[in-house]
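Residues in the sequence shown are numbered consecutively from 9, following the numbering used here.
We put the beta carbon where it would ideally sit given N, CA and C, even for glycine.
Comments concern the structure below.
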Amino acid sequence: MQQDIWKFTGLILTAAIVGYSIGFILPTILLMTLGILGWQIYRLHLLYKWVINPRKDPMPEMSGQFYLLHRELSRKNAQNQKRKRQLSTFLTQFRRAIGALPDAIVLISNTGKIEWANPNAKEVLGIRWPEDSQVRFSDLIRYPEVEAILNNVEPPELGVVVRSLSNKDQTINFKCVRYTKDQRMVIARDVSRLIKVNQIHTDFVANVSHELKTPLTVLRGYVEILQDAKNLPDKFVKPLAQMNIQSVRMQLIVSDLLYLAKLEDSSTEKDLQPVDITSVVNTILEAVQPLIEEKRHKLELDVDYSLKMLGAPTELHSAFSNLITNAIHYTPENGLIKLRWRMSGQQAVFSVKDNGPGIPAQHLDRLTQRFYRVDPDRSRESGGTGLGLAIVKHVLQRHKAELEIDSTEGVGSEFKCVFPRDKLLNKLPEHLKSSI
Ligand code: ADP
């Protein structure tokens with residue numbers, strides 16, 4: 009800057025001296041000023057041409073302020089070029105990596121149009137890139153469940169599973185991720201094999217359980233006949249009693265396994281109907297009364313009689329009965345068991361609370377797994393099959409409800425079944441209530 013000021017001052021002074029010597033001081037200064045201005049405009053034009061296209065119009069030697077400006081612009085330009093190259097390499101690698109994923113990935117704009125798709129989108133969804141660019145996703149993929157998760161502000165983490173319309177042997181899991189406020193990424197995976205393997209597994213367990221049912225009934229029948237026999241030698245009394253206990257246990261396991269298989273079978277129609285939870289609980293309590301008396305437990309009930317819901321009565325009976333019998337079994341004598349059926353915020357909660365031994369925190373996540381037991385010996389002693397909580401979880405899943413477990417060692421446990429508002433009869437709109 010200073011250099012330029014000195015230069016221009018020097019030029020104006022020279023013009024003044026020359027003008028003075030020839031007697032035209034002001035016109036000479038004016039002429040010099042116009043010359044300087046013209047020169048500056050020309051250099052500005054050169055700079056502009058260079059900024060527009062640095063490769064085609066190399067910058068001529070510059071000095072002063074223009075030199076500094078040019079140097080700074082060159083530096084910024086070089087930096088941008090470098091960043092551009094890095095970004096482009098990163099983008100290529102990223103697309104290559106996404107392309108190698110076995111899932112179909114489709115990016116959707118705020119207007120629902122396809123912005124990008126990886127090569128697997130063609131295989132899994134029939135979406136071709138770049139041919140289907142800017143085509144509406146919902147014009148190509150027409151599943152109402154998928155449309156629903158796309159429009160959901162908080163799409164479900166596990167997505168939705170749909171049977172392909174074009175190929176009935178294909179099952180696809182769709183997930184939607186909102187990566188900006190309006191833009192979404194659809195991840196679709198072909199889960200046909202997984203579903204098939206699961207089905208084989210479920211069928212196998214169901215078939216084995218079914219096949220075991222008859223031999224077990226026969227075995228138990230004979231054991232009972234032998235137990236009732238007169239003149240039974242003393243040495244057979246205990247073994248036969250054990251055989252009876254074990255065969256009863258096996259029958260319970262088999263019937264629980266069959267029940268679980270029935271719950272897992274998606275074709276099992278859930279008989280949705282208004283359920284009076286208090287009468288379900290009363291029926292269970294009548295059945296477990298002898299057990300409660302035997303263990304001298306105190307029972308406290310806190311129920312909202314007016315709170316009714318839509319559900320499958322037999323399934324709910326089975327789930328609640330498992331929770332109540334667990335509380336009775338695992339709580340030592342003279343315990344306190346509290347049953348609650350009430351609204352909690354927007355949801356209805358059925359809970360069973362006991363002041364039993366509680367469950368160490370590290371077991372809580374795995375409690376609903378089949379045959380998972382905190383203390384296997386105690387569970388077997390109490391006649392448990394190890395399938396009770398797995399049944400509870402399945403029943404609740406079928407009612408879109410959640411199982412919450414709070415437990416503190418030495419204090420007790422609370423098992424809560426949390427039902428969504430749309431299952432509550434009192435909360436349904438009048439027109440829906442009358443249609444049920
Ligand atoms: P089980 O037939 O063995 O009772 P469940 O699936 O019903 O099987 O329960 C799994 C395990 O959870 C049980 O073995 C037990 O260790 C633990 N459990 C369940 N309910 C309670 C409870 N109310 N108090 C303490 N432990 C419990």
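As a beta-bridge residue in DSSP terms, Phe-423 pairs with Val-360 and Ile-413. As the crow flies, the alpha-carbon of Gln-281 is around 15 Å from that of Phe-427.
For Gly-396, the three-state secondary structure derived from DSSP is helix.
In this structure, the beta-carbon distance from Thr-225 to Ser-200 does not fall below 9 Å. Residues of the same chain with a CB within less than 8 Å of the CB of Asn-330, apart from the 5 flanking positions on each side, are Gly-396, Leu-397, Ile-399 and Val-400 in chain order. For Asp-198, the beta-bridge partners assigned by DSSP are Ile-180. DSSP places Glu-69 outside both helix and strand once states are collapsed to three, so it counts as coil. Note on the segment 110–162: whole beta strand (DSSP E) runs with a minimum of 3 residues are 112–116 and 122–125, in chain order. Between Phe-16 and Leu-52, the gap from beta carbon to beta carbon reaches 9 Å or more. Looking at the DSSP output, Gln-87 sits in no beta bridge, so it has no partner there.
Within the segment 297–352, the runs of beta strand (DSSP E) that reach at least 3 residues and sit entirely inside it are, in chain order, 306–311, 317–319 and 344–352.
Glu-302 and Glu-294 have their C-alpha atoms roughly 14 Å apart. Between the alpha carbons of Pro-321 and Asp-284 lies a distance of about 8 Å.
For the options Thr-222, Thr-333, Ser-96 and Ser-146, the alpha carbon positioned closest to that of Gly-392 is the one of Thr-333. Taking 9 Å as the cut-off, the beta carbon of Asn-126 is found no closer than this to the beta carbon of Leu-99. Remark: C-beta atoms of Asp-362 and Ile-345 approach each other more closely than 9 Å.
Membership of Gln-281 in the beta strand (DSSP E) is indicated by the continuous run 281–283.
Taking the CA atoms as reference points, Leu-299 sits about 21 Å from Gln-250. In its chain, beyond the 5 residues on either side, Thr-286 have a beta carbon closer than 6 Å to the beta carbon of Tyr-313. In the structure shown, Val-403 falls within a helical segment according to DSSP collapsed to helix, strand and coil.
Taking all protein chains shown into account, Glu-323 has 16 or more neighbouring C-beta atoms within 10 Å of its C-beta and is therefore buried. Asp-211 and His-407 have their alpha carbons spaced roughly 23 Å apart. Boundaries of the alpha helix (DSSP H) harbouring Val-262: 242–272, taken from the DSSP string. Under the criterion of beta carbons closer than 8 Å, Asn-181 and Val-169 qualify as touching, at roughly 5 Å.
Sequence-distant Cβ neighbours of Ile-37 in its own chain, meaning closer than 7 Å and more than five residues away, are Ile-20, Ala-23, Ala-24 and Gly-27.
Scanning its chain for C-beta atoms nearer than 6 Å, with the 5 sequence neighbours on each side dropped, one finds around Pro-368 the residues Glu-417, in chain order. Within 8 Å of the C-beta of Val-419 there is not a single heavy atom belonging to the ligand ADP. With a 10 Å radius around the Cβ and a threshold of 16 neighbouring Cβ atoms, Ser-174 comes out exposed. Gln-235 and Glu-153 have their alpha carbons spaced roughly 58 Å apart.
In this structure, the CA atom of Val-59 is about 47 Å from the CA atom of Pro-163. Between the alpha carbons of Ala-214 and Leu-265 lies a gap of roughly 7 Å. A direct Cα-Cα distance of roughly 16 Å separates Leu-42 from Ile-13. For the pair Ser-71 and Ala-86, the Cα-to-Cα distance works out to about 20 Å. Looking from the CA of Arg-197, the closest CA among Gln-207, Arg-171 and Asp-190 belongs to Arg-171.
Within the same chain, and ignoring the five residues on either side of Ile-157 in sequence, the residues whose Cβ sits closer than 7 Å to its Cβ are Pro-163, Pro-164, Gly-167, Val-168, Phe-182 and Cys-184.
Rounded to whole angstroms, Ile-49 and Arg-83 show a C-alpha spacing of 23 Å.
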